[in-house]
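What follows is a single structure, written as structure tokens, with notes after it.
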Amino acid sequence: MRSGVLLLAATTLGAATLTSSFREGNTVFLRLSDGTAQVEWLSDSSFRFSRNWDGNFVWGLAANPQPVVVSVTETADSLVISSKYVALTIAKQGVIVSTAEPNGAVIMSDASEVELQDGFIAWERSAPLRARFFGLGARADSNVELRGKKVAAKKPFLLSTLGYAELHVAPGDYSFDVARAKPDRYRIEARHANKIDYYFFYGPAPKEVFEQLLLLNGSIAPLRPSQFDLLKLSEVPKEAPVLSSASLADAIHSLINGSLSGTPLMALSLDSAPDALRRRAIQLGSVSPPG
């Protein structure tokens with residue numbers, strides 16, 4: 003019997019290219035070689051980027067009915083959409099996305115093309131050594147800063163000291179490798195996903211980032227004094243996720259991480275609090291309506 007080695011050539015998908023674009027109102031629509039993408043501006047500091055592989059654009063009511071002043075410039079290599087505070091550049095080859103201030107200082111930048119498999123989407127973004135990252139939901143992790151960790155996101159909201167936040171809203175199970183595998187990058191993975199859909203909010207300070215988030219979510223209705231008391235679960239405001247922590251320390255960490263994830267109102271369940279710590283848990287719960 004003859005022996006030998008059979009060489010199997012691996013196949014890779016060709017890089018996507020941006021083939022054409024047009025604008026309607028605050029939205030710029032992009033036709034890609036493998037689908038579509040679109041950028042909707044909420045303000046001159048925030049936008050929504052979505053990418054689909056089914057070839058269809060998503061039409062609907064504008065998030066902001068008022069015109070946002072943006073300019074669209076096309077070069078041989080890229081499409082640049084500029085507002086007063088943010089210049090968004092989309093490379094025609096690879097659909098690489100980056101944002102910068104008007105003076106050219108980079109804010110957020112893709113560091114790889116998108117990987118697409120059945121039910122799995124992933125790509126990388128730059129994570130300069132000076133940058134710090136926070137958020138990803140009401141985690142009980144005592145280390146608030148995310149750099150050097152891989153985290154399954156309770157809420158896929160990532161806040162960066164580079165002056166921005168990103169909120170992913172496409173259905174999927176998200177995890178973020180924040181400069182753990184590669185010290186100068188973070189990797190976004192979405193399982194059980196079939197599209198990319200996220201909001202970008204520019205600050206440059208966290209206060210301004212969260213103000214941009216309010217443009218999307220709206221302000222919370224004023225709370226009655228009686229809501230800052232022991233409530234039945236059915237009485238907890240719908241905006242307040244209920245935290246059920248194994249310890250008081252975990253509850254405190256969850257409140258901190260939740261607040262850094264753009265969740266302004268949280269509820270603390272006292273059901274799991276030991277009797278010895280119940281009074282302290284009630285004191286902690288006084289800062290938000292407990293369930």
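Going letter by letter, the sequence shown gives residues 3 to 293 in our numbering.
Positions of the beta carbon are idealized from the N, C-alpha and C atoms, including for glycine.
Across the set Gly57, Leu267, Arg134 and Leu233, the C-alpha of Arg134 shows the shortest separation from the C-alpha of Arg187. For Asn54, the enclosing beta strand (DSSP E) stretches over residues Ser48 to Asn54. Of the other Cβ atoms in all chains shown, 16 or more fall within 10 Å of the Cβ of Gly139; this residue is therefore buried. Between Arg193 and Asp179, the gap from beta carbon to beta carbon reaches 8 Å or more. In the same chain as Val70, and ignoring 5 residues on each side of it, the C-beta atoms closer than 7 Å to its own belong to Asn28, Trp43, Ser45, Asp46 and Ser85, in chain order. Under the DSSP assignment, Ile254 falls in the alpha helix (DSSP H) whose first and last residues are Leu250 to Ser261. Pairing Val171 with Ala64, the inter-Cα distance amounts to about 17 Å.
Here Phe212 carries a helix assignment [DSSP, helix/strand/coil]. The segment 193-206 makes no contact with the segment 236-245: fewer than 3 CB pairs, one atom from each, lie closer than 8 Å.
Under the Cβ criterion (8 Å, minimum of three pairs), the segment 248-267 counts as touching the segment 140-148.
For Glu76, the enclosing beta strand (DSSP E) covers residues Ser73 to Glu76. If you ignore the 5 residues before and after Phe59, its C-beta comes within less than 8 Å of the C-beta of Phe31, Thr38 and Gln40, all in its own chain and listed in chain order. Within 10 angstroms of the beta-carbon of Lys240 lie fewer than 16 other beta-carbons, which makes it exposed. A distance below 8 Å separates the beta carbons of Tyr204 and Val88. Between the beta-carbon of Gly165 and that of Pro206 there is about 3 Å, and that keeps the pair under the 8 Å contact cut.
In this structure, DSSP gives Leu20 an extended state, which the three-state scheme calls strand. When secondary structure is reduced to three states using DSSP, Leu161 falls in the strand class.
Sorting Leu160, Arg25, Trp61 and Lys152 by C-alpha distance to the C-alpha of Lys184 places Lys152 at the top.
By the Cβ neighbour-count rule, Leu215 is buried, with 16 or more other Cβ atoms within 10 Å of its own. Contact check for Ile92 against Ser80 passes: the beta carbons are separated by less than 8 Å. Going by beta carbons, Leu90 and Thr101 fall inside the 8 Å limit. Sixteen is the threshold: since fewer than 16 other Cβ atoms of the shown chains lie within 10 Å of the Cβ of Asn105, the residue is exposed. The beta carbon of Arg182 sits closer than 7 Å to the beta carbons of Gly150, Lys151 and Lys152 from its chain, once the five residues preceding and following it are set aside; these are given in chain order. The shortest CA-to-CA distance from Gln68 to any of Gly96, Ser35, Glu26 and Phe51 is the one to Glu26. Proximity to Asn259 across Lys157, Ser249, Leu233 and Thr163 peaks at Lys157, based on C-alpha coordinates.
Here Leu250 is actually not in contact with Leu161; their C-beta atoms are around 25 Å apart, not less than 8 Å. Lys151: member of the beta strand (DSSP E) spanning Lys151 to Ala154, first to last residue.
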